[in-house]
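2 protein chains.
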Amino acid sequence: MNLELDFRSGIPIYLQVVERIQERIASGLITPGAQLPTVRSLALELRVNFNTVARAYRILDETGIISTQQGRGTYVMSIPPPEVSEQIRQNVLKALTQRYLTDAERLGASLEEVDQILKDQVAHWQQTGHLSNPEHEPDHE
Amino acid sequence: MNLELDFRSGIPIYLQVVERIQERIASGLITPGAQLPTVRSLALELRVNFNTVARAYRILDETGIISTQQGRGTYVMSIPPPEVSEQIRQNVLKALTQRYLTDAERLGASLEEVDQILKDQVAHWQQTGHLSNPEHEPDHE
DNA sequence: AGTACAATGATACAATTATACAATGAGACA
DNA sequence: TGTCTCATTGTATAATTGTATCATTGTACT
Numbered sequence: 001m002n003l004e005l006d007f008r009s010g011i012p013i014y015l016q017v018v019e020r021i022q023e024r025i026a027s028g029l030i031t032p033g034a035q036l037p038t039v040r041s042l043a044l045e046l047r048v049n050f051n052t053v054a055r056a057y058r059i060l061d062e063t064g065i066i067s068t069q070q071g072r073g074t075y076v077m078s079i080p081p082p083e084v085s086e087q088i089r090q091n092v093l094k095a096l097t098q099r100y101l102t103d104a105e106r107l108g109a110s111l112e113e114v115d116q117i118l119k120d121q122v123a124h125w126q127q128t129g130h131l132s133n134p135e136h137e138p139d140h141e
Numbered sequence: 001m002n003l004e005l006d007f008r009s010g011i012p013i014y015l016q017v018v019e020r021i022q023e024r025i026a027s028g029l030i031t032p033g034a035q036l037p038t039v040r041s042l043a044l045e046l047r048v049n050f051n052t053v054a055r056a057y058r059i060l061d062e063t064g065i066i067s068t069q070q071g072r073g074t075y076v077m078s079i080p081p082p083e084v085s086e087q088i089r090q091n092v093l094k095a096l097t098q099r100y101l102t103d104a105e106r107l108g109a110s111l112e113e114v115d116q117i118l119k120d121q122v123a124h125w126q127q128t129g130h131l132s133n134p135e136h137e138p139d140h141e
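What follows is the structure, encoded as structure tokens:
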């Protein structure tokens with residue numbers, strides 16, 4: 001899975017796991033029907049107790065995003081309706097942004113510095129065609 | 001730990017604890033990654049309320065010397081020398097930014113949307129005093 | 001005396017971990 | 001085929017850890 005968590009952020013691990021998995025599903029990195037890692041294997045990878053992973057899975061299950069089945073495993077559910085999906089997408093994007101700003105702040109970055117480095121990278125990316133507008137996006141691979 | 005405190009010195013216990021632990025880390029007696037005693041066990045040893053130890057730990061945490069994690073314990077962090085620190089900081093910030101933009105793009109966010117949500121969150125944060133310049137007041141709790 | 005404030009303690013709480021448990025499925029074997 | 005056993009899966013509950021909030025104590029200053 002290669003989820004990256006921050007043990008110092010003050011955000012509970014189980015919530016971080018929820019967000020990371022939501023991101024991956026919302027972005028299509030994990031597709032419906034796919035099996036998520038078992039609570040124990042993911043816990044081992046994250047160096048965390050498996051109950052913490054189980055708690056994250058339970059939240060995702062209650063949201064209807066995944067389906068956990070005792071003795072079988074946990075699986076990604078079918079794609080939610082567009083409006084829900086859009087809602088999740090926006091939430092995830094907001095969480096991403098907040099995490100980014102929090103991390104930057106803890107690094108001691110000033111607002112100006114963050115602004116500058118964002119401008120730099122965005123400019124760099126526009127040259128390479130990333131982050132383009134969905135309206136004019138003929139580039140399918 | 002065998003910290004020796006002076007209850008009659010007039011120096012607050014929590015400050016004495018901070019100093020003793022700082023000494024031990026600086027002298028290499030405690031190495032990065034090591035787990036410190038729990039607030040309760042150390043408090044028991046020092047015959048002190050565990051909140052006092054927790055206060056010392058919190059100060060050390062804010063200084064970046066240790067990392068306290070609810071439910072897990074407190075661990076000694078590695079302390080990079082100041083010279084390389086700044087270089088590392090910039091690199092990390094750059095990597096952080098790149099990862100953020102990558103994730104946002106994978107979510108299907110347009111440049112405009114990213115720009116907008118960043119503006120929103122920054123504005124929101126400025127009201128709550130985050131990402132402020134280091135010149136400002138120490139923000140007394 | 002009285003007040004204000006810092007240090008410490010008491011209590012309730014939240015996150016994580018430890019341990020035991022129940023459901024499922026695969027293989028052995030009669 | 002049936003069912004036994006056992007490893008693997010998620011679940012439930014209690015113990016452990018740090019956190020938040022308020023009460024108490026002591027001390028300095030009017």
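Sequences listed follow chains A and B, in order. Start counting the first sequence at 1; every next residue gets the next number (my numbering). Start counting the second sequence at 1; every next residue gets the next number (my numbering). From the three backbone atoms N, C-alpha and C, an ideal C-beta is built for every residue, glycine too.
Burial state of residue i (16 or more Cβ within 10 Å)
i	result
A/D115	exposed
A/G10	exposed
A/D139	Any reading at A/D139 needs caution, since the residue's pLDDT is 41, under 50, leaving its predicted position unreliable; the model's value is listed next. Per the 10 Å Cβ criterion, exposed.
A/Q22	buried
A/L36	buried
A/L29	exposed
A/E19	buried
B/V84	exposed
B/A154	In this structure chain B extends from 1 to 141, so residue 154 of chain B is not present and cannot be described.
Residue i: contacting residues in chain A (beta-carbon distance under 7 Å)
i	result
B/I117	L93, K94, T97
B/G73	None at all; the shortest Cβ gap to chain A is about 11 Å.
Contacts of residue i in chain B (Cβ-Cβ under 9 Å)
i	result
A/E23	D103, R106, L107
Residue i versus residue j: straight-line alpha-carbon distance, rounded
i	j	result
B/A34	B/L60	14 Å
A/A104	A/I25	25 Å
A/M77	A/Q126	35 Å
B/I66	B/T74	7 Å
B/F7	B/L15	12 Å
A/Q70	A/A43	17 Å
A/E4	A/L46	8 Å
B/R99	A/L118	11 Å
B/L93	B/F50	36 Å
A/N91	A/R58	19 Å
B/A31	B/I79	Note on identity: in this sequence residue 31 of chain B is Thr, with Ala being the wrong assignment. In a straight line, the C-alpha of B/T31 is about 10 Å away from that of B/I79.
A/R40	B/R40	29 Å
A/T63	A/R72	19 Å
A/E113	B/N2	44 Å
B/A109	A/P82	15 Å
A/T155	A/Q87	With chain A covering 1 to 141 only, the question about residue 155 of chain A has no answer from this structure.
B/V48	B/S27	25 Å
Chain B residues whose Cβ lies nearer than 8 Å to that of residue i
i	result
A/S9	Chain B residues near A/S9: none, gap ~10 Å exceeds 8 Å.
A/S152	Examination of residue 152 of chain A is not possible in this model, given that chain A is present from 1 through 141 alone.
Beta-carbon neighbours of residue i, restricted to chain A and to distances below 8 Å
i	result
B/Q121	K94, T97, Q98, L101
8 Å contact criterion, which residue i and residue j should meet: CB distance rounded
i	j	result
B/L96	A/Q121	B/L96 to A/Q121, Cβ: 10 Å. No contact.
B/T52	B/I13	5 Å
A/L111	B/R89	Going by Cβ atoms, the distance from A/L111 to B/R89 rounds to 16 Å, so no, they are not a contact pair.
A/A54	A/V17	Their Cβ separation, rounded to whole angstroms, is 10 Å, which puts A/A54 and A/V17 out of contact at 8 Å.
Residue i: contacting residues in chain B (beta-carbon distance under 7 Å)
i	result
A/A26	L107
Note to self: Along the stretch 78-102 of chain B, where does the CB come closer than 9 Å to a CB of chain A? Name the residues.
What the structure shows: R89, Q90, V92, L93, K94, L96, T97, Q98, R99, Y100, L101, T102
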